[in-house]
Amino acid sequence: MISAVILAIIALLFIVVGIIYLTVPAGSLPSILGHATTTLHGHKVASSGHHPLRAAGSLIVGVVFAVGAWFALKYKGKAVTPAGAATKEPANH
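See the structure below:
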């Protein structure tokens with residue numbers, strides 16, 4: 035259960051970052067995500083393009099983590115019971 039929650043949180047983060055890469059121009063990205071500048075007449079100018087490869091990569095990784103979270107919830111391991119607990123019979127006195 036805990037692993038599914040962790041995988042889901044990571045999936046959401048990657049999906050949000052992928053959406054940010056698609057919607058925000060490269061020159062306006064937060065510095066933690068990187069930003070692109072081009073040189074125009076000797077001056078650095080913020081790029082108006084987007085990062086489609088980074089967006090696609092982030093979205094794919096987000097979907098992979100989401101599938102991992104789904105599998106972690108769907109396929110739970112069988113509970114281990116003590117050896118004597120499964121064979122206990124009611125006492126007949």
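Just add 34 to wherever you are in the sequence shown, counting from 1, and you've got my numbering.
We treat Cβ as the ideally placed atom computed from N, Cα and C, and that holds for glycine.
Using CA coordinates, which residue listed in TYR109, ALA89, ALA106, LYS110 is at the minimum distance from LEU60?
Translated into positions along the sequence shown, residue 60 becomes position 26. Correcting the residue identity first, residue 60 is Ala in this sequence and not Leu. Sorting TYR109, ALA89, ALA106, LYS110 by C-alpha distance to the C-alpha of ALA60 places ALA89 at the top.
Pairwise C-alpha distance: TRP104 and VAL98:
Working through the sequence shown from its first residue, we reach residue 98 at position 64. Working through the sequence shown from its first residue, we reach residue 104 at position 70. About 10 angstroms.
Cβ-Cβ distance between ALA38 and ALA100 below 8 angstroms:
Here residue 38 is taken as the residue at index 4 of the sequence shown, counted from 1. Here residue 100 is taken as the residue at index 66 of the sequence shown, counted from 1. Not in contact: ALA38 and ALA100 (Cβ atoms no closer than 8 angstroms).
Along the chain, where does the alpha helix (DSSP H) containing ALA60 start, and where does it finish?
Working through the sequence shown from its first residue, we reach residue 60 at position 26. Looking at the DSSP string, ALA60 is not in any alpha helix (DSSP H), and its letter there is neither H nor E.
Tell me, to the nearest whole angstrom, how far the beta carbon of ILE49 is from that of LEU93; I am working on the premise that it is less than 8 angstroms.
The residue given as residue 49 occupies position 15 in the sequence shown. The residue given as residue 93 occupies position 59 in the sequence shown. Sure, about 6 angstroms apart at Cβ, within 8 angstroms.
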